[in-house]
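See structure below.
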Amino acid sequence: MTQEINQGRRTALKTGGATAIFGLFVAAGLVRPNTALAQAAGWNQGAFAAKGVDGTVKALGGATPAQTKDVNWGSTPEIAENGAVVPVSITSSIPKTESISILVEKNPNTLSAVFTIPPGTDPSISTRVKMGESSAVYALIKADGKYYVAQRDIKVTLGGCGG
Amino acid sequence: MKYATHLRNALLAAAAAALLVSGCASTPRVSAEQAHDVLKTSFTERGQAKLDRLEQDDVQKTCSYGPGTAPSKEVLDALEKAQLAAIKFPADGKLLGDWRAGERIAQTGTGKQYSDNAAVPSGANCYACHQITPQEISYGTIGPSLLGYGKVRGNSEAILRYTYGKIYNSNAYTACSNMPRFGHQNILTEQQLKDVTALLLDPSSPVNK
Amino acid sequence: MADPMRIRAKMEGDKTVVRVLMSHEMETGQRKDSAGKTIPAMFIQEVTATCNGKTVLSAQWGTSISKNPYLQFAFSGAKAGDKVVVSWVDSKGDKRTDEAAIAA
Amino acid sequence: MMQWRGGALMLGAALVAVSVGAQAQSGGDTIKKIEEYRQALADGNPADLWEARGEDLWKQKRGPKNVSLERCDLGKGPGVVKGAYAELPRYFADADRVMDLESRLLHCMTTQQGMTRAEALKVPFGDGEKRSDMEALSAYVAGESRGVKMNVSQAHAKERQAYALGQKLFYYRGGPHDFACATCHGEANKRIRLQDLPNLTETKDAQKAYTTWPAYRVSQGELRTMQWRLNDCFRQQRFPFLEFGSDTSVALLTFLARNANGAEFNAPAIKR
Chain G
5 MTQEINQGRR TALKTGGATA IFGLFVAAGL VRPNTALAQA AGWNQGAFAA KGVDGTVKAL
65 GGATPAQTKD VNWGSTPEIA ENGAVVPVSI TSSIPKTESI SILVEKNPNT LSAVFTIPPG
125 TDPSISTRVK MGESSAVYAL IKADGKYYVA QRDIKVTLGG CGG
Chain Z
2 MKYATHLRNA LLAAAAAALL VSGCASTPRV SAEQAHDVLK TSFTERGQAK LDRLEQDDVQ
62 KTCSYGPGTA PSKEVLDALE KAQLAAIKFP ADGKLLGDWR AGERIAQTGT GKQYSDNAAV
122 PSGANCYACH QITPQEISYG TIGPSLLGYG KVRGNSEAIL RYTYGKIYNS NAYTACSNMP
182 RFGHQNILTE QQLKDVTALL LDPSSPVNK
Chain L
52 MADPMRIRAK MEGDKTVVRV LMSHEMETGQ RKDSAGKTIP AMFIQEVTAT CNGKTVLSAQ
112 WGTSISKNPY LQFAFSGAKA GDKVVVSWVD SKGDKRTDEA AIAA
Chain S
20 MMQWRGGALM LGAALVAVSV GAQAQSGGDT IKKIEEYRQA LADGNPADLW EARGEDLWKQ
80 KRGPKNVSLE RCDLGKGPGV VKGAYAELPR YFADADRVMD LESRLLHCMT TQQGMTRAEA
140 LKVPFGDGEK RSDMEALSAY VAGESRGVKM NVSQAHAKER QAYALGQKLF YYRGGPHDFA
200 CATCHGEANK RIRLQDLPNL TETKDAQKAY TTWPAYRVSQ GELRTMQWRL NDCFRQQRFP
260 FLEFGSDTSV ALLTFLARNA NGAEFNAPAI KR
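Protein chains in written order, with the working numbering: chain G, 5 to 167; chain Z, 2 to 210; chain L, 52 to 155; chain S, 20 to 291.
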């Protein structure tokens, strides 16, 4: 119903693409350990405090990741009606996938989550992340000891009548 | 004449109500006074929103109608005339402000809610209802698209005054418009009204690119 | 004490699909309360899922996982009636463990 | 903040090509993509957490009289929850008043469990750690009407009176913005920003809207009920604060629920 009315309204979509690319090369060294936080034993404090994709990968113990097309984003939307809940679904078809991480370029801390995939578990996870603004989102895959990255731009829209 | 219109409107109202509540023998009638009295017992003041907000002015009284009960053309014409006469144009004669400030006002949805800080200037929330600049894809459709507003209409004194006046008091041109009377009701300041006018009419505004 | 998780585990073919909802604020540490004071960060940091004593998924989370987190994954090697056990630990050291039997 | 490193330039060029492709998308797709977003959310609705807590609260002995709500009559007999929400609001002889679910729960909490109104409404709308029992109970009761057809009665004179009053109030303009409910919800096929606005005077839209509340609002991370929905509409209408279970609440809810008659109830839902 709504689709019909709005089909005529064709507007260029602004994406956060260009900025996101620069972000890939933001130098490491921004790791700011947050000592005030208690933490679970195996929690990688450095990686979660890192800013930028490169810095995050480094903090996770990897080198510059290779770009990959072997990632399926499943039901991950291109436009999120609300940044507080953005569904992210990532399936890796890279053999020997060991972990899947979600990185949001423009969030205050880039790394959202690291999922470790043991043998017997599908290299596929769905969860929901917060996004402060439109941004590139990265799937960072560790497979057979190497890192791979795939990008998805997600636009976060404004809503509501009371601001 | 007037009586006949009223009678027709009343019949239409009854028919509309019957459509919604089919199978119901009698739909009780509720007067504006009854509605007002119920509201008075149902709300409490909070923040800047006091109970006087439940009191209607002439425009609100005239415009609180449902389907099939619209006031006569004479009533609506008189309403427009009275509202037009109440518009205060800027004393300095300048109607165009800063379109960039206007864009911020158009994007801002806060102001006058009980949850808002009364000391912070209100926004106009234009994007809630109108498409304005091509860059903003999150816009509403309650009002018409204003894309290319100034490019289409030009920048004549008449257009300037109409645009400023429409933002100041929408009811001066369209009785019972859905659009707030931003100047008349002191939602926006004179400078803010000029800024929003500039967003629509300044040739360098993205609206007109 | 946090509310129980809602865990749904179901056989789809020879795989077990697990859906988990957790009741948690996932406070970022960047929001301010009405008095302007920063609300301290408080979020789930580690999640572990096991089945028949074997870890089927483990995760580390930061502050940007959404409030009341949702998680879906799938694994092989279990059958209907087996139990999936999910645990989380948050940044304050609060813990929660719940389980669900795998539905056919 | 940006610092280039020579070795990575080639990769950068490859990604630029990808992003130009993304920029060619047009706004006509926006609504389709928002729909995809909503569908992606539907698979795990945190409202489940509220329904579970609400069921516990319903069965727990609470209040000064230390009784559960299992003797509370929601209109289909004491303790009957199944299908009750689909027939509310309705006239209750014991209170001689039309009541929606939340005013009825309040009635049972005060008369049966012995709580004061203030106690029962300590947290009418939840906010993080301050959780609302009323929202959890409403989620549970509403969930027990999933799949049931809306069937709100107009048999009693007070039910007809509430409907007529609700209709009148729907068009009542006031406040600095001249807004009525009808300003946003009186016309078909409109939206505010990107949100579709149901025309609540028209059967199909009214049905779709009413049968998807209560709902988990992702923007707030909370489950919200119809009482909250009305409160927040009035806040944005720039009206004063709508009192819980007031005559205005009950009348508007009667108008809205009755207009949704015949549709299958399907909530708690998940919404922006």
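Positions of the beta carbon are idealized from the N, C-alpha and C atoms, including for glycine.
Contact between the region 264-276 of chain S and the region 149-168 of chain S is absent: fewer than 3 CB-CB pairs across the two stretches fall below 8 angstroms. For Tyr140 of chain Z, same chain residues with a beta-carbon under 6 angstroms away, outside a window of 5 residues either side, are Tyr128 and Gln132 in chain order. Glu81 of chain Z and Ala71 of chain Z have their C-alpha atoms some 15 angstroms from each other. With respect to chain S, the C-beta atom of Val89 of chain G has a partner C-beta closer than 7 angstroms. Here Thr60 of chain G is near Ala54 of chain G, since their CB atoms are less than 7 angstroms apart. Proximity of Trp112 of chain L to chain G, defined by a Cβ-Cβ separation below 7 angstroms, is satisfied.
Using a Cβ-Cβ cut-off of 7 angstroms, Lys52 of chain S counts as an interface residue toward chain G, since at least one Cβ of chain G sits closer than that to its own. Against chain Z, a Cβ distance below 8 angstroms from His196 of chain S picks out Lys113, Pro181, Gln186 and Ile188.
DSSP places Cys102 of chain L within a strand segment (E or B) once states are collapsed to three. With 16 or more other Cβ atoms from the protein chains shown falling within 10 Å of its own Cβ, Ala158 of chain S counts as buried. Pro127 of chain G counts as buried, since no fewer than 16 other beta carbons sit within 10 angstroms of its beta carbon. A residue is called buried once 16 or more other Cβ atoms fall within 10 Å of its Cβ, and Pro287 of chain S is buried on that count.
Annotated three-state conformation of Met245 of chain S is helix, per DSSP.
Excluding residues up to 5 positions away in sequence, Met134 and Ala139 lie with their Cβ nearer than 6 angstroms to the Cβ of Met128 of chain S in the same chain. Sixteen is the threshold: when 16 or more other Cβ atoms of the shown chains lie within 10 Å of the Cβ of Arg277 of chain S, as they do, the residue is buried.
The straight-line gap separating the alpha-carbon atoms of Gly67 of chain Z and Pro143 of chain S is approximately 32 angstroms. Within the same chain, Cβ atoms closer than 6 angstroms to the Cβ of His196 of chain S are found at Arg257, the five residues on either side in sequence being excluded. Within the model, the alpha-carbon separation for Gln255 of chain S versus Asp224 of chain S is close to 21 angstroms. Between the C-alpha atoms of Glu137 of chain G and Ala131 of chain L there is a straight-line separation of about 42 angstroms. Annotation: the continuous beta strand (DSSP E) that includes Met62 of chain L extends over Arg57 to Glu63.
DSSP places Gln192 of chain Z inside the alpha helix (DSSP H), whose first and last residues are Glu191 to Leu202.
Counting only the Cα atoms, Ser96 of chain G lies some 39 angstroms from Glu74 of chain S. With a beta-carbon spacing of about 5 angstroms, Asn86 of chain G and Arg291 of chain S fall inside the 8 angstroms limit used to define contacts. Only those residues of the region 190-217 of chain S whose C-beta falls short of 9 angstroms from the nearest C-beta of chain Z are listed: Tyr190, Tyr191, Arg192, Gly193, Gly194, Pro195, His196, Asp197, Phe198, Ala199, Ala201, Thr202, Cys203, Gly205, Glu206, Asn208, Lys209, Arg210, Ile211, Arg212, Leu213, Gln214 and Leu216. Burial state of Thr175 of chain Z is exposed, judged by a 10 Å Cβ sphere holding fewer than 16 other Cβ atoms.
7 angstroms or more divides the Cβ of Ala53 of chain L from the Cβ of Ala151 of chain L.
For the region 43-56 of chain Z, the beta-carbon criterion of a distance under 7 angstroms to any beta-carbon of chain S is satisfied by Ser43, Phe44, Thr45, Glu46, Arg47, Ala50, Lys51, Leu52, Arg54 and Leu55.
Under the Cβ criterion (8 angstroms, minimum of three pairs), the region 91-110 of chain G counts as touching the region 129-145 of chain G.
Closer than 9 angstroms at the C-beta level to chain S, one finds these residues of the region 81-108 of chain L: Ile90. Taken atom to atom, the span from the alpha-carbon of Met180 of chain Z to that of Ala105 of chain S is near 35 angstroms. Contact of Ser122 of chain S with chain Z is not assigned, every C-beta pair being separated by 7 angstroms or more. For the region 139-152 of chain Z, the set of residues with a beta-carbon nearer than 7 angstroms to any beta-carbon of chain S comprises Ser139, Tyr140, Gly141, Thr142 and Ile143, in chain order.
Under the three-state reduction of DSSP, Trp100 of chain Z is assigned to helix. In this structure, Ala129 of chain L and Thr79 of chain L do not form a Cβ contact; the two beta carbons are roughly 35 angstroms apart against a cut-off of 8 angstroms. The way I'd put it, the region 257-266 of chain S doesn't touch the region 199-215 of chain S; fewer than three beta-carbon pairs between them come closer than 8 angstroms.
Contact annotation, Glu283 of chain S with Lys101 of chain S: C-beta distance approximately 15 angstroms; criterion of less than 8 angstroms not satisfied.
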